[in-house]
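Colleague: Structure provided below as structure tokens; questions to follow.
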Amino acid sequence: MIALEKRPQPSQLWTAVTPLLAVLATMVAGGIMFAFLGKDPLIAIRTIFWDPLFNEQFANYSRPQLLVKAAPLILIATGLAMGFRAGVWNIGAEGQYIIGAICGAAVGLAFYPTESVLIFPLMVVAGALGGFLWAMIPGVLKVKFHTNEILVSLLLVYVAEFILASMALGALRNPEGSGFPGSRNLKEYPPAYNAELLPGTGLHWGVVAALVAVIFAYVLFSKHMMGFHIRLAGQAPKAARFGGVQPARLILFCLGTAGALAGLAGLFEVSGPAGQISIDFNVGYGFTAIIVAFLGRLNPIGILLAGLLMALTYIGGELASFMLGVPAAAIQAFQGMLLFFLLAVDVLTNYRIRFGKREVA
Amino acid sequence: MKRRTILAGAVAAFALTGAAYAQDKTKVGFIYVGPVGDGGWTYEHDQARLAVEEEFGDKVETIYQESVPEGSDAERVITQMALSGADLIFTTSFGYMDPTIAVAAKFPNVKFEHATGFKRADNVSTYSARFYEGRAVQGHIAGKMTKTNKVGYIGSFPIPEVIRGINSAYIHAKKVNPDVEFSVVWAYTWFDPAKEADAATALIEQGADVILQHTDSTAPQAAAQKAGNVITFGQASDMAEYAPMPRVSSIIDNWAPYYIDRVQAVMDGTWESTDTWDGIGPGMVGIGEISDAVPADVKAEALALKDSIADGSYHPFTGPLKKQDGSDWLAEGETAQDFGDDGLAGMNFYVEGIKGDIPN
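Line order of the protein sequences matches chains F and B. Here the numbering used here is used: the first residue of the first sequence is 14, the next is one more, and so on. Here the numbering used here is used: the first residue of the second sequence is 14, the next is one more, and so on.
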């Protein structure tokens with residue numbers, strides 16, 4: 014008989030080893046799936062994990078793209094992790110991301126076609142503020158009326174999507190776009206364009222912001238009183254109250270920070286890689302970031318790595334898709350396996366496996 | 014030392030064959046917005062890709078990527094495809110417009126073809142089909158067949174292409190049935206079977222007995238079949254598996270001749286940036302078999318309408334026509350211009366009689 018025995022403390026060794034184990038298990042299970050699809054499993058795995066980083070033809074382009082793809086995930090996940098640690102469940106980062114993008118882009122477009130170095134910083138402020146205010150809706154409702162922030166923040170995503178569609182079709186529509194939806198492309202308006210800081214590196218302001226956010230969150234958690242309060246509120250809510258934590262302030266802080274970071278992610282995306290407000294501007298970063306946050310064990314450094322890993326599976330998946338003709342659905346299944354195994358092997362961190370009969374204590 | 018020479022030789026030989034291989038075959042890439050099995054829009058583009066393979070055999074290699082989101086991901090996917098050595102890339106949805114233009118600027122030697130957009134460059138052509146011609150035939154059948162006088166329309170995004178289709182179908186339904194009313198539901202997706210089924214069911218519950226769709230899945234067909242006594246039309250693809258009821262006819266996108274032409278032009282070195290907008294006449298838009306659920310006289314009228322559009326003797330947007338707000342659009346006998354103010358390319362208004370607003 015196999016029994017699980019709770020470890021007194023999570024195993025340090027297993028915390029480090031489990032992610033690797035999960036990647037290996039995914040390679041095996043995914044390889045079997047690819048084999049069933051009639052693809053060479055070794056080539057498929059190599060295309061997903063190796064080619065984006067080292068293939069001569071692609072790597073020079075794909076490697077920087079990892080940063081571009083990972084930056085919004087890391088930025089959003091870092092914000093979400095604070096709330097998740099404190100037991101504040103903001104599921105609506107996608108909406109905060111959209112509103113941040115709209116507010117930031119609107120500020121930039123309002124100045125079109127004037128030239129000023131102040132335009133981009135103003136857009137950044139507007140993006141953060143937009144995401145912050147959108148997150149304040151579930152925040153204030155929770156503090157004042159004890160509504161459930163999971164529900165409110167999630168439903169506000171759909172509201173944000175409709176606002177996005179309305180903006181792309183109405184207020185922000187490109188007046189020179191022959192009636193087609195979508196705003197002006199900010200890439201063609203340099204003062205508002207979030208260009209690569211060093212050409213060919215993929216390094217734009219969003220990547221910088223993501224790294225700063227990770228460092229900031231790391232310091233907050235390990236050194237600052239607020240970080241302690243967050244952890245305390247999550248692990249022992251009652252003790253937190255006695256310890257002088259003000260729940261309302263904590264809730265607003267967590268939601269506000271997450272909202273502002275998601276708003277920033279939206280702004281950097283719309284002013285950089287995406288370039289314009291369009292009806293389907295959002296592609297689910299706000300939801301994927303929830304996975305990234307947990308994949309990274311709600312730890313800022315972990316989130317940084319998890320974001321890069323997710324980005325790798327996206328980009329590698331794309332390569333496998335068109336080079337090997339692997340169906341898009343198989344790539345998604347492969348990503349799903351990775352998450353499944355990562356969470357499944359987590360058991361080993363917290364539990365010890367015992368073989369044989371259970372002893373009577 | 015010797016081993017190293019052999020290795021170097023092998024590498025050189027490999028590089029040579031690689032280069033020779035690349036020169037022999039024309040590599041053609043396709044970017045799809047939905048899965049190849051959507052049964053509609055993407056399915057037909059993929060059929061055309063297969064037709065290209067069929068036509069050129071060993072001389073061509075095709076690659077494709079399905080379900081590519083129309084945001085910032087598209088630019089990366091198109092770039093990677095260009096990096097993989099593609100000579101010609103078809104980007105088959107409106108939302109790929111700016112990414113296509115951006116990537117094309119970085120790869121002047123690669124040719125690009127963008128479907129349904131309006132931005133061109135020296136190495137970017139645009140192409141689209143006059144689906145509204147097919148919508149006219151659809152509208153005629155819908156107007157004749159509806160008993161409740163309520164026609165439900167599932168729109169994807171309120172862009173000119175979709176609005177043109179709604180207007181064309183409405184004008185021709187109204188012509189044969191003055192009491193007809195259209196209800197439009199916006200799904201804000203090209204492909205989402207669950208949303209499309211919900212939209213169809215909602216429209217049927219409101220009394221619609223004809224469902225027209227501008228989304229790509231067969232879910233509305235299935236919803237209509239379940240409800241019974243509701244007719245539908247195949248969208249982009251024939252969707253013949255739902256014939257004779259609910260699917261009574263269809264608009265079929267036939268991209269194969271165009272794709273074969275363009276690949277040939279790249280092979281011959283005669284490719285040029287062009288803007289193609291073909292309809293029923295040249296065969297880019299097909300009308301699927303009108304099933305026996307449609308009375309013979311209605312079928313004959315519909316086919317006559319189709320023929321008159323095909324030979325150019327009739328334009329689906331012929332005046333007198335007014336806009337929804339009552340202002341004049343086309344005078345008696347005047348036909349709509351493709352471009353310019355109030356032209357078809359940028360159409361953003363309903364014609365008189367359609368209720369509801371275009372989301373704005």
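Every residue gets a Cβ at the ideal spot worked out from N, C-alpha and C, and that includes glycine. Predicted, not measured: the structure shown is a model, and the values here were computed from it.
DSSP beta-bridge partners for Phe-43 of chain B?
Modeller: BP columns for Phe-43 of chain B point to B:Tyr-77 and B:Phe-103.
Colleague: Who does Arg-367 of chain F pair with in a DSSP beta bridge?
Modeller: Note: Arg-367 of chain F sits in a beta bridge opposite F:Ala-16.
Colleague: For a test of the three-state rule: what should DSSP assign to Arg-260 of chain B, helix, strand or coil?
Modeller: Arg-260 of chain B: strand per DSSP, three-state reduction.
Colleague: Starting from Ile-163 of chain F and walking both ways along the beta strand (DSSP E), at which residues does that stretch end?
Modeller: Note, Ile-163 of chain F: premise wrong, no beta strand (DSSP E); alpha helix (DSSP H) at 162-182.
Colleague: Indicate the three-state DSSP secondary structure (helix, strand or coil) for Ala-128 of chain B in the structure shown.
Modeller: Strand.
Colleague: Please check the pair Leu-225 of chain B and Ser-196 of chain B, which I expect to be a contact at CB under 8 Å, by giving their CB distance rounded to whole angstroms.
Modeller: So it is not a contact: roughly 10 Å between Cβ atoms.
Colleague: Let me make sure I understand the geometry here. Which of B:Ile-91, B:Thr-202 and B:Ala-155 has the alpha-carbon closest to that of Val-175 of chain B?
Modeller: Comparing Cα-Cα distances from Val-175 of chain B to each of B:Ile-91, B:Thr-202 and B:Ala-155, the minimum goes to B:Thr-202.
Colleague: Who are the neighbours of Pro-32 of chain F on chain B, taking C-beta pairs under 9 Å?
Modeller: Those within 9 Å of Pro-32 of chain F in chain B number zero; the least Cβ separation is about 25 Å.
Colleague: Using a Cβ-Cβ distance under 9 Å, would Met-252 of chain B count as near chain F?
Modeller: False, the Cβ-Cβ gap to chain F never drops below 9 Å.
Colleague: Going by DSSP, name the residue or residues bridged to Glu-194 of chain B.
Modeller: B:Lys-163, per the DSSP bridge assignment.
Colleague: Buried or exposed for Phe-255 of chain F, going by 16 or more other Cβ atoms inside 10 Å?
Modeller: Exposed, since its Cβ has fewer than 16 Cβ neighbours within 10 Å.
Colleague: Is Ala-271 of chain F close to chain B, meaning its C-beta is less than 9 Å from at least one C-beta of that chain?
Modeller: It does not: the Cβ of Ala-271 of chain F has no partner Cβ on chain B nearer than 9 Å.
Colleague: Is there a Cβ from chain B that is less than 9 Å from the Cβ of Val-36 of chain F?
Modeller: No, its Cβ sits nowhere closer than 9 Å to a Cβ of chain B.
Colleague: Assign Phe-204 of chain B to buried or exposed, taking buried as 16 or more other Cβ atoms, counted over all protein chains shown, within 10 Å of its Cβ.
Modeller: Result: buried.
Colleague: Grab me the residues of Tyr-77 of chain B's own chain with a C-beta within less than 8 Å of its C-beta, minus the 5 sequence neighbours each way, in chain order.
Modeller: Gly-42, Phe-43, Ile-44, Tyr-45, Val-49, Asp-59 and Arg-62, listed in sequence order.
Colleague: If I measure Cβ to Cβ from Leu-334 of chain B and keep anything under 6 Å in the same chain, skipping five residues before and after, which residues do I get?
Modeller: Within the same chain, Leu-334 of chain B has close Cβ partners Trp-342, Leu-343 and Val-364.
Colleague: Tell me Gly-301 of chain B's beta-bridge partners as DSSP assigns them.
Modeller: According to DSSP, Gly-301 of chain B bridges with B:Ser-263.
Colleague: Hey, Lys-3 of chain B and Thr-92 of chain B: beta-carbon distance below 9 Å or not?
Modeller: No statement about residue 3 of chain B is possible, as the shown extent of chain B runs from 14 to 373 and does not include it.
Colleague: Work out the CA separation of Asp-51 of chain B and Asn-162 of chain B for me, nearest whole Å.
Modeller: Taking the straight line from one Cα to the other gives about 30 Å.
Colleague: So is Ile-400 of chain B in contact with chain F if we call contact Cβ pairs under 9 Å?
Modeller: One cannot answer for residue 400 of chain B here, as it falls past the ends of chain B, which runs 14 to 373.
Colleague: Step through the CB atoms of chain B and report whether any lies within less than 9 Å of the CB of Lys-82 of chain F.
Modeller: Taking Cβ atoms only, chain B reaches closer than 9 Å to Lys-82 of chain F, which makes this a yes.
Colleague: Between F:Phe-266, F:Asn-73, F:Ala-226 and F:Lys-52, which lies nearest to Gly-215 of chain F when the distance is taken from Cα to Cα?
Modeller: It is F:Asn-73.
Colleague: Throw me the rounded Cβ distance for the Glu-68 of chain B and Trp-268 of chain B pair, which I believe falls under 8 Å.
Modeller: That pair is no contact at about 13 Å.
Colleague: In three-state DSSP terms, what is Phe-120 of chain B?
Modeller: DSSP places Phe-120 of chain B in coil when its eight states are reduced to three.
Colleague: Taking the alpha carbon of Arg-89 of chain B as the point to measure from, which residue in F:Leu-93, F:Val-305 and F:Leu-79 has its own alpha carbon closest?
Modeller: Considering only alpha carbons, the answer is F:Leu-79.
Colleague: Could you give the distance in angstroms between the alpha-carbon of Ala-142 of chain B and the alpha-carbon of Asp-64 of chain F?
Modeller: About 38 Å.
Colleague: In chain C, which residues lie less than 7 Å from Gln-78 of chain B when you measure between Cβ atoms?
Modeller: Of the protein chains in this structure, namely F and B, none is chain C.
Colleague: Excluding the 5 residues preceding and the 5 following Asn-242 of chain B in the sequence, name in chain order all residues of the same chain whose CB lies nearer than 7 Å to its CB.
Modeller: The answer, listed in chain order, is Asp-222.
Colleague: Taking the C-alpha atoms as reference points, what is the distance between Tyr-327 of chain B and Gly-156 of chain B?
Modeller: C-alpha separation (whole angstroms): 19 Å.
Colleague: With DSSP as the reference, please indicate the residues paired to Ala-249 of chain B in a beta bridge.
Modeller: DSSP lists B:Ile-265 as partners of Ala-249 of chain B.
Colleague: Sort B:Ala-358, B:Asp-71, B:Gly-339 and B:Glu-285 by Cα distance to Asp-37 of chain B and report the nearest one.
Modeller: Looking at the Cα atoms, B:Asp-71 is the closest of the given residues.
Colleague: Give a yes or no on whether the C-beta atoms belonging to Trp-199 of chain B and Gly-168 of chain B are separated by under 9 Å.
Modeller: The answer is yes: Cβ separation under 9 Å.
Colleague: Does Gly-279 of chain F pass the burial test, meaning 16 or more other C-beta atoms within 10 Å, or should it be called exposed?
Modeller: It is buried - the Cβ of Gly-279 of chain F has at least 16 other Cβ atoms within 10 Å.
Colleague: Asn-312 of chain F and Ala-42 of chain F: beta carbons closer than 9 Å?
Modeller: Not in contact: Asn-312 of chain F and Ala-42 of chain F (Cβ atoms no closer than 9 Å).
Colleague: Alpha carbons only, please: which of F:Ile-292, F:Arg-310 and F:Phe-234 is nearest the one belonging to Phe-175 of chain F?
Modeller: If we check each option's Cα against that of Phe-175 of chain F, F:Ile-292 comes out closest.
Colleague: Tell me which residue opens and which closes the alpha helix (DSSP H) that Ala-273 of chain F is part of.
Modeller: 260-284 is the extent of the alpha helix (DSSP H) around Ala-273 of chain F.
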